[in-house]
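Number of protein chains: 2
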Amino acid sequence: VPVADRGLHYGDGLFETIAVVAGQPCLWDRHLSRLRLGCERLAIPVTDPAQLRREADTLCRGVERGVLKLLLTRGEGGRGYRPPLEPVPRRILSLHPWPDHPSTSWQQGVRIRWCDTPLGLNPRLAGIKHCNRLEQVMARAEWSDPGIAEGLMCDADGQVVEGTQSNLFLWRGGELLTPSLARCGVAGIGRGLLMELAGESAIRVREGAVSRDQVMAADGLLLSNALIGVWPVAALGEHNFDPAHYPRDLLARMMERIHLP
Amino acid sequence: VPVADRGLHYGDGLFETIAVVAGQPCLWDRHLSRLRLGCERLAIPVTDPAQLRREADTLCRGVERGVLKLLLTRGEGGRGYRPPLEPVPRRILSLHPWPDHPSTSWQQGVRIRWCDTPLGLNPRLAGIKHCNRLEQVMARAEWSDPGIAEGLMCDADGQVVEGTQSNLFLWRGGELLTPSLARCGVAGIGRGLLMELAGESAIRVREGAVSRDQVMAADGLLLSNALIGVWPVAALGEHNFDPAHYPRDLLARMMERIHLP
Numbered sequence: 345v346p347v348a349d350r351g352l353h354y355g356d357g358l359f360e361t362i363a364v365v366a367g368q369p370c371l372w373d374r375h376l377s378r379l380r381l382g383c384e385r386l387a388i389p390v391t392d393p394a395q396l397r398r399e400a401d402t403l404c405r406g407v408e409r410g411v412l413k414l415l416l417t418r419g420e421g422g423r424g425y426r427p428p429l430e431p432v433p434r435r436i437l438s439l440h441p442w443p444d445h446p447s448t449s450w451q452q453g454v455r456i457r458w459c460d461t462p463l464g465l466n467p468r469l470a471g472i473k474h475c476n477r478l479e480q481v482m483a484r485a486e487w488s489d490p491g492i493a494e495g496l497m498c499d500a501d502g503q504v505v506e507g508t509q510s511n512l513f514l515w516r517g518g519e520l521l522t523p524s525l526a527r528c529g530v531a532g533i534g535r536g537l538l539m540e541l542a543g544e545s546a547i548r549v550r551e552g553a554v555s556r557d558q559v560m561a562a563d564g565l566l567l568s569n570a571l572i573g574v575w576p577v578a579a580l581g582e583h584n585f586d587p588a589h590y591p592r593d594l595l596a597r598m599m600e601r602i603h604l605p
Numbered sequence: 345v346p347v348a349d350r351g352l353h354y355g356d357g358l359f360e361t362i363a364v365v366a367g368q369p370c371l372w373d374r375h376l377s378r379l380r381l382g383c384e385r386l387a388i389p390v391t392d393p394a395q396l397r398r399e400a401d402t403l404c405r406g407v408e409r410g411v412l413k414l415l416l417t418r419g420e421g422g423r424g425y426r427p428p429l430e431p432v433p434r435r436i437l438s439l440h441p442w443p444d445h446p447s448t449s450w451q452q453g454v455r456i457r458w459c460d461t462p463l464g465l466n467p468r469l470a471g472i473k474h475c476n477r478l479e480q481v482m483a484r485a486e487w488s489d490p491g492i493a494e495g496l497m498c499d500a501d502g503q504v505v506e507g508t509q510s511n512l513f514l515w516r517g518g519e520l521l522t523p524s525l526a527r528c529g530v531a532g533i534g535r536g537l538l539m540e541l542a543g544e545s546a547i548r549v550r551e552g553a554v555s556r557d558q559v560m561a562a563d564g565l566l567l568s569n570a571l572i573g574v575w576p577v578a579a580l581g582e583h584n585f586d587p588a589h590y591p592r593d594l595l596a597r598m599m600e601r602i603h604l605p
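In structure tokens, the structure reads:
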């Protein structure tokens, strides 16, 4: 990558992390929609989706299971922060091994913890998957115990937002509550899918402010992302959640859906 | 730059923009101190300062006037956001032409405006010059009129923080007030120097919360950075400031100091 790329200097770009199963990038249209929204928000020209798909297909051919990372930067140039008037975006597609999460995580649940690193509040950057990720990097550096699968992050006002690489759902009284992403956080592809599947199962899903107290008072917690599908939480710090309470049918449908192209 | 560099993927790095005059990087020790603080905050190993200086000197040799950019990323590797346990930082030194600001700006003052893009609040990232700069990129994209030299940014709570590439000082009643950078913003090298010079001139400088009303009620505004030194503000939007009110001696000392190695 040329040294003048603005992705390198300012994190001036967007990315998608896409599950690859049986040679196909999964949930492609959803990933591309979020990428397009990010391009609009940052005023980066949208790459032709058909071209991206051809490149992705070529890279994924013959891959039984893997991860496709699609990185799109604003490209080179501009004087300082000021973006060039006619940017020529750079796209970088790379293939990575499937993460070695235990395959039983979605049935047995995972152990998670709280992170101290806060998420800054900025509605202009909320929801999209841009490359300014120092907050997640710092939060993920807070623990090294491989038995801890994820850490929950709060915003600068102390409201609970998401995991470092997943979205959070609270399960209580037969309903789901997930933090609003209007002021910070990433609108995960897994999150959108889980909300849809819940709707199809007549499980009500609300978005709103979520406090730490609400998290601790939930019947259970779920984490979603496009690679893991959904994980129930067995323990948050010292607090255990009873796996018996989880909506098993919904979880099974999510796992089935996420592993099919 | 290798495609796996974390600077490219997450903005996982730091930078310094250093004035070069007569073959010498100016205010080197101050830039290196801030870089070291950034390294400590992000847990990036500190590069040997003597080695950096040798490389900088080699690059700057024979340069009458220019800009040295020092970019330090965490280097490659790590699974997702999680930083590698023993990162090997990558340093990139590059030389750029001196910006073509009118040389009379510091005497006649500049026209500036307000930006709409807010600065997110995050004490962990405040003060240091890290590479997560999408907020500044978006703010700088708000105007293209070359007659506007800078834009002022507020934080998510509406407090005034800084310019897109400079720090702000309010001049009122013979004293200076500059926004606190405890929750967001960059602690500029020019800012630190101007505060020192003000102290030597027995001009009181306070740091604190600054509202838009306070900005509009100031006798005058000053902008500082390591390349421009200090600019008085002639107009903020439709509001004019009277150049007669500025502390001329302080400005002259700052310009003298900033242009000497």
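Chains G and U supply the protein sequences, listed in that same order.
Under the numbering used here, the final residue of the first sequence carries the number 605; numbering is consecutive throughout.
Under the numbering used here, the final residue of the second sequence carries the number 605; numbering is consecutive throughout.
Glycine included, each C-beta is placed from N, C-alpha and C at the ideal position.
Where V481 (chain U) is concerned, the enclosing alpha helix (DSSP H) starts and stops at L478 to R484. Annotation: the region 439-484 of chain U contains the following complete segments of the alpha helix (DSSP H) (minimum length 4 residues), in chain order: 449-452 and 478-484. Straight-line measurement puts the Cα of A596 (chain G) at about 27 Å from the Cα of W458 (chain G). In the structure shown, the three-state DSSP call for P369 (chain U) is strand. Within chain G, G355, R477, L478 and V481 have C-beta atoms less than 9 Å from the C-beta of D356 (chain U), given in sequence order. Judged by DSSP in its simplified three-state form, D499 (chain G) adopts strand. At a Cβ-Cβ threshold of 8 Å, C370 (chain G) and I602 (chain G) count as neighbours. With contacts defined as CB atoms closer than 8 Å, L403 (chain U) and L379 (chain U) fail to qualify as a contacting pair.
Here DSSP, grouped into helix, strand and coil, assigns T522 (chain U) to strand. One Cα belongs to S524 (chain U), the other to L537 (chain U), and the distance between them is close to 16 Å.
E582 (chain U) sits in coil when the DSSP states are folded into three classes, being neither helix nor strand. Going by beta carbons, L478 (chain U) and L469 (chain G) fall inside the 8 Å limit.
Proximity of the region 354-374 of chain G to the region 407-415 of chain G meets the contact definition, three or more beta-carbon pairs being nearer than 8 Å. Residue contact check for Y425 (chain U) against chain G: a CB pair falls below 8 Å. Considering only G:A570, G:L520, G:A366 and G:L512, the residue with the shortest C-alpha distance to H375 (chain G) is G:A570. In terms of Cα proximity to H353 (chain U), the closest of U:R423, U:A553, U:L437 and U:P443 is U:R423. DSSP, read as helix, strand or coil, puts V390 (chain G) in coil. According to the DSSP assignment, E551 (chain G) belongs to the beta strand (DSSP E) that extends over V549 to G552. Taking 8 Å as the cut-off, the beta carbon of V577 (chain G) is found closer than this to the beta carbon of V454 (chain G). At a cut-off of 8 Å between beta-carbon atoms, L469 (chain U) makes contact with chain G. For S438 (chain U), the chain G residues whose C-beta falls within less than 9 Å of its own C-beta are V347 and A348, listed in chain order. Of all residues in the region 502-527 of chain G, the ones placed with a Cβ closer than 8 Å to any Cβ belonging to chain U are T508, Q509 and R527, in chain order. According to the DSSP secondary-structure assignment, V574 (chain U) is paired through a beta bridge with U:S568.
Neighbourhood of P462 (chain G) in chain U, by CB distance below 9 Å: L465, N466, P467 and R468, in chain order.
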